[in-house]
Amino acid sequence: MKNLKVSKTTKAAYFLLLAAYTVLLFVLFRNQAYHLEYQYYGSDVDAYILEMLGIDSGFDFPYPVYFMLGKFLALFSTVHMGAALSATILNSVSPAVLSYFMLKELAPLVPEKNKNRAAYEGFLLLVTYSIFFVSMLYPPKNIYLPGMTLRNLGVFSANPYYNQTYLAARGFAIVAFFLFAHILTYYEDHVDKKEYIAFSVFLILATLTKPSFTFVLVSAAAVHMIVKLIMSKGKKFREFLYLLATAVPTFITLIIQFGGVFGSSSHAGEGGGIGFGIGKAWSVYTGNIVLAVMLANAFPGVVMLLNLKRFKDNKIFLLAWEVMMAGFLEFLCLYEKGDRFVHCNFAWGYIYGIFFVFVAGLMLLIENTVKKKQPVWMLAFEWAVYVWHLGCGIAFFAMLYMGGYFYV
């Protein structure tokens, strides 16, 4: 926060909101760690605890950050509490860093001397935290949607508060995303060594916590950079290699992780591996993929359609949708063979895509609202769709918080 010019009130609100969110999520993660059968059941949480105990869980987790922190904290309590504290600490990185980037990018839209600046900063903080409670849209239970049997699985929420490794990695992913979006604005002209190193560090931290984000970011970045290289007729090849070098440590890590999950010594064994099939894994949980995508992405989809011209001048908006498309295509086309087929683990990259198009869409909507770049009716419509997602998300979170099952 020291590099941001914000009011003392905003700084106090920043830490108060972070503390309240941390306590709120600690209760959920603690309950998930100590859960009773079908109450506070988190995805793979029992396997995580076995992994921390050094017992064969039947799964492979070659991404150690969450587990190592949990083991360390368990030295002072129990392994269940260690898992809960590890998830809490790492998950709280997400609102901490996203609040910073939201204020950094959007606070300057209102001049410091404006008497409403402090209130605007407070609004930005509240809206930032609202992003962590949006979810997929879903109707009341008595309303049938064609091909939809589950309101979450198959559609997916931007905030899967039932999977602790995804939540643990997201904070590092947010930093890597914003750093890379900024790098894209200048990498063809010069190299900022400090920012390149910072991006490389946070990308590998995200990878070592859960590699799902790295798969989609690297795919999106590769396509983006290759297109730019072709457009420059190869003149920016050296600059291309410099930026590519930032991902070398991550590439090495991914190769090791790939062997740990799909190698002959892994639990997948010879029956494991990656298969190709359009919608094959996705169809396990929904019979209507098109509608599922619409329910998950109504808000960012509306903002995208109403702001198509902004792809040219807004690197955050562009990168978010590139990550979304990479995640969507990987989940649509790829699946894990063997008994892990039904786990739909390629969905995690798509879920990252959902989260980042929400972030980018909301940032663009705030800018359009402050600068009055769209008609009032259009702004009202976009905000209404966002509030709809938020209402569904709060209800979904409350269900999980009261011990409900995410498999709904």
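For what it's worth, my numbering labels the leading residue of the sequence shown as 136, then goes sequentially.
Every residue gets a Cβ at the ideal spot worked out from N, C-alpha and C, and that includes glycine.
Computed from a predicted model, the values in this text were never measured in an experiment.
Short Cβ contact (8 Å threshold) for residue i with residue j
i	j	result
leucine 302	asparagine 226	yes
lysine 239	leucine 139	yes
threonine 342	threonine 388	yes
proline 281	leucine 426	yes
glutamate 465	glycine 484	yes
phenylalanine 194	aspartate 179	yes
valine 326	tyrosine 377	yes
tyrosine 420	glutamine 299	no
valine 438	leucine 514	no
phenylalanine 196	phenylalanine 202	yes
threonine 344	valine 200	yes
serine 234	tyrosine 296	no
alanine 355	alanine 461	yes
asparagine 294	glycine 528	yes
isoleucine 409	leucine 467	no
Proximal residues to residue i (C-beta, below 6 Å), its chain only, five neighbours per side dropped
i	result
valine 162	none
tyrosine 176	His170, Tyr540
glutamine 509	Asn503
leucine 453	Phe446
Proximal residues to residue i (C-beta, below 7 Å), its chain only, five neighbours per side dropped
i	result
glutamate 374	Tyr322, Glu323
alanine 308	Ala341, Phe348, Tyr487
valine 511	none
asparagine 423	Pro281, Gly282, Met283
glycine 217	Met187, Gly205, Lys206, Leu208, Ala209
leucine 338	Ala311, Thr349, Ala382, Thr385
asparagine 432	Ile489, Val492
phenylalanine 532	Phe268, Tyr296
leucine 364	Lys371, Phe372, Phe375
alanine 304	Ala341, Thr344, Lys345, Phe348
histidine 215	Ala168, Tyr169, Ile184
phenylalanine 411	Cys468, Leu469
valine 353	Ala382
tyrosine 536	Leu163
asparagine 449	Leu499
Residue nearest to residue i in terms of C-alpha spacing, selected from the options
i	options	result
valine 351	Ala455, Leu261, Thr344, Pro435	Ala455
glutamate 517	Ile529, Phe337, Thr504, Gly528	Thr504
proline 243	Val228, Leu259, Pro274	Leu259
tyrosine 540	Tyr156, Asn166, Val310, Val383	Asn166
methionine 237	Leu514, Phe312, Gly528	Phe312
histidine 446	Tyr331, Tyr470, Ala316	Per the sequence shown, residue 446 should be read as phenylalanine rather than histidine. Taking only the C-alpha atoms, the option nearest phenylalanine 446 is Ala316.
glutamine 392	Ser367, Met366, Pro346, Met360	Pro346
glycine 436	Gly496, Gln299, Val232, Pro246	Gly496
tyrosine 156	Ile365, Tyr176, Ser229, Tyr169	Ser229
leucine 319	Val520, Ile451, Ala154, Val458	Ile451
alanine 219	Asp181, Asn294, Ile365, Val458	Asp181
threonine 213	Leu241, Ile390, Ala168, Ser192	Ala168
leucine 264	Lys329, Phe434, Leu151	Here the sequence assigns tyrosine to residue 264, which means leucine is not the residue at that position. For the residues Lys329, Phe434, Leu151, the minimum Cα distance to tyrosine 264 belongs to Leu151.
leucine 153	Leu453, Ala231, Gln174	Ala231
valine 141	Ala530, Leu241, Asp191	Leu241
leucine 379	Met366, Gly412, Ile332	Ile332
valine 458	Gln174, Lys329, His359	His359
phenylalanine 434	Lys368, Leu285, Ile266	Ile266
tyrosine 198	Ser367, Ile390, Leu285, Tyr279	Ile390
valine 336	Asn277, Ile361, Gly306, Ala357	Gly306
Cβ-based neighbour list, residue i, same chain, cut-off 8 Å, excluding 5 preceding and 5 following
i	result
methionine 534	Val543
valine 262	Met237, Leu497, Ile501
phenylalanine 463	Val428, Tyr485, Gly488
asparagine 251	Val245
threonine 145	Leu238, Ala253, Glu256, Gly257, Leu260
lysine 506	Leu244
leucine 441	Gln509, Met513, Glu517
phenylalanine 285	A small fix is needed here, since residue 285 is leucine in this sequence, not phenylalanine. Correct list, in chain order: Tyr420, Thr421, Tyr542, Val543.
Residue i at chain B interface by Cβ criterion, 8 Å
i	result
glutamate 457	Of the protein chains in the structure, only one exists, and it is not chain B.
For this session: Would you list, in sequence order, the uninterrupted beta strand (DSSP E) runs of no fewer than 3 residues that lie entirely inside the stretch 422 to 491?
Result: 469 to 471
Exercise. Do three or more CB pairs link the stretch 254 to 261 to the stretch 487 to 499 at distances below 8 Å?
Worked result: no
Exercise. How do the stretch 213 to 231 and the stretch 148 to 163 stand: do at least 3 beta-carbon pairs fall below 8 Å, yes or no?
Worked result: yes
Exercise. Three or more beta-carbon pairs under 8 Å between the stretch 475 to 487 and the stretch 409 to 422, yes or no?
Worked result: yes
Exercise. Do three or more CB pairs link the stretch 264 to 272 to the stretch 518 to 535 at distances below 8 Å?
Worked result: yes
Exercise. Can you list, in chain order, the stretches of the alpha helix (DSSP H) that have 4 or more residues and sit fully within the stretch 195 to 243?
Worked result: 200 to 209, 214 to 241
Exercise. For the stretch 427 to 435 against the stretch 290 to 301, are there 3 or more C-beta pairs whose distance is under 8 Å?
Worked result: yes
Exercise. If you scan the stretch 326 to 357 from start to end, which runs of the alpha helix (DSSP H) of 4 or more residues do you find wholly inside it?
Worked result: 328 to 344
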